[in-house]
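Asker: With this note's numbering applied, the sequence shown covers 1 to 197.
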Amino acid sequence: MTQANTKDRVRIKKVEVLSDNWYVLRKTTYDYLGRDGQWRELARETYDRGNGATILLYSKAKQTVVLTRQFRFPAFVNDHDGLLIETCAGLLDNDDPHTCIRKETQEETGYIVQDVRKVFEAFMSPGSVTERLHFFVGEYFDEDKQHEGGGLEAEGEEIEVLEMSLDKALGMIETGDICDGKTIMLLQYAKLHGLLD
1 MTQANTKDRV RIKKVEVLSD NWYVLRKTTY DYLGRDGQWR ELARETYDRG NGATILLYSK
61 AKQTVVLTRQ FRFPAFVNDH DGLLIETCAG LLDNDDPHTC IRKETQEETG YIVQDVRKVF
121 EAFMSPGSVT ERLHFFVGEY FDEDKQHEGG GLEAEGEEIE VLEMSLDKAL GMIETGDICD
181 GKTIMLLQYA KLHGLLD
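Structure, rendered in structure tokens:
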């Protein structure tokens, strides 16, 4: 099924805004044309928080990666301590993905990286969240460190910057110490593509 003919198979009938307190939660009722030629009325809720970008910083010289640790309330209320180890990330807001990830990297980690490379993009939870995430990698050097990082206090961020070997980070996936999807994807990308070889 191509995107062009998918659009011909969807007829939006009604959109209700359920919440726009933080981001926007909508309930959409639509007709969908099945492969059997029958139209069916369906309803879905979508959470629109905008698109985002994430990056794995790596050092060939030191054979290390830079990750962050911060409190995530949704993880906390789902039987976790809420402290997640992650790759640096942020919402695009009004920026393009490259500009966004450079800005987020500086705010969260204190590094000003010169070269960032987009490696892929993905929908992280397409059953309910509209966000498309742009994935980057970028090599860092000690001289790129301009400040301690930690995020923006005005946004309530308290971000700890972590530096460790790729093998240690991959081992933390096995132990469950790293359980964030975007982070797992970028660490596995680094291993598969030999970024630290």
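Quick reminder that beta carbons are idealized off the backbone N, C-alpha and C, glycines included.
1) Would you mind listing the alpha helix (DSSP H) stretches within the stretch 31-102 that are 4+ residues and don't spill past its ends, in chain order?
2) Is there at least one non-hydrogen atom of the ligand SAM closer than 8 angstroms to the beta-carbon of Leu133?
3) Run the CB neighbour count on Gly52, radius 10 Å, all protein chains shown included, and call it buried at 16 or more, exposed below.
4) Considering only the alpha carbon of each residue, which of Asn5, His193, Asp197, Asp177 lies closest to Gly82?
5) Quick check: the Cα distance between His80 and Met172, rounded to an integer number of angstroms?
6) The beta strand (DSSP E) with Ile12 in it runs from where to where?
7) Run through DSSP, which three-state label would Met124 get?
8) Check whether the Cβ atoms of Val116 and Tyr47 sit closer than 9 angstroms, and answer yes or no.
9) Starting from the Cα of Glu16, find the closest Cα among Gly150, Arg132, Tyr30 and give me that residue.
10) For Lys13, count the other beta carbons within 10 Å of its own beta carbon; 16 or more makes it buried, fewer makes it exposed. Which is it?
11) Is the stretch 91-103 touching the stretch 177-186, taking contact as three or more C-beta pairs under 8 angstroms?
12) Straight-line CA distance for Ser59 to Leu133?
13) Work out the CA separation of Glu131 and Leu18 for me, nearest whole Å.
14) In whole angstroms, give me the CA-to-CA distance for Arg40 and Asn5.
15) Let's see if you can read the secondary structure: which residues bound the beta strand (DSSP E) around Glu163?
16) What three-state label does DSSP hand Tyr189 in the structure shown?
Answerer: In short, the structure shows the following:
1) Counting whole runs of 4 or more residues, the stretch 31-102 contains the alpha helix (DSSP H) stretches 73-76.
2) The ligand SAM is not part of the structure shown, which contains no ligands of any sort.
3) With 16 or more neighbouring CB atoms inside 10 Å of its own CB, Gly52 falls in the buried class.
4) Restricting attention to Asn5, His193, Asp197, Asp177, the CA atom closest to the CA of Gly82 is found in Asp177.
5) The C-alpha of Met172 is placed about 16 angstroms away from the C-alpha of His80.
6) It spans 10-19 - the beta strand (DSSP E) in which Ile12 sits, taken as one unbroken run.
7) Coil, per DSSP.
8) By the CB criterion at 9 angstroms, Val116 and Tyr47 fall outside the cutoff.
9) Taking only the C-alpha atoms, the option nearest Glu16 is Tyr30.
10) With fewer than 16 Cβ atoms within 10 Å of its Cβ, Lys13 is classed as exposed.
11) Remark: fewer than three beta-carbon pairs, one from each stretch, lie closer than 8 angstroms, so the stretch 91-103 and the stretch 177-186 are not flagged as touching.
12) The straight-line gap from Cα to Cα measures roughly 23 angstroms.
13) Answer to the nearest angstrom: the Cα atoms are 18 angstroms apart.
14) Using only the alpha carbons, I get a separation of about 17 angstroms.
15) Counted as a single uninterrupted DSSP element, the beta strand (DSSP E) harbouring Glu163 occupies residues 160-165.
16) In the three-state DSSP reduction, Tyr189 falls in the helix class (H, G or I).
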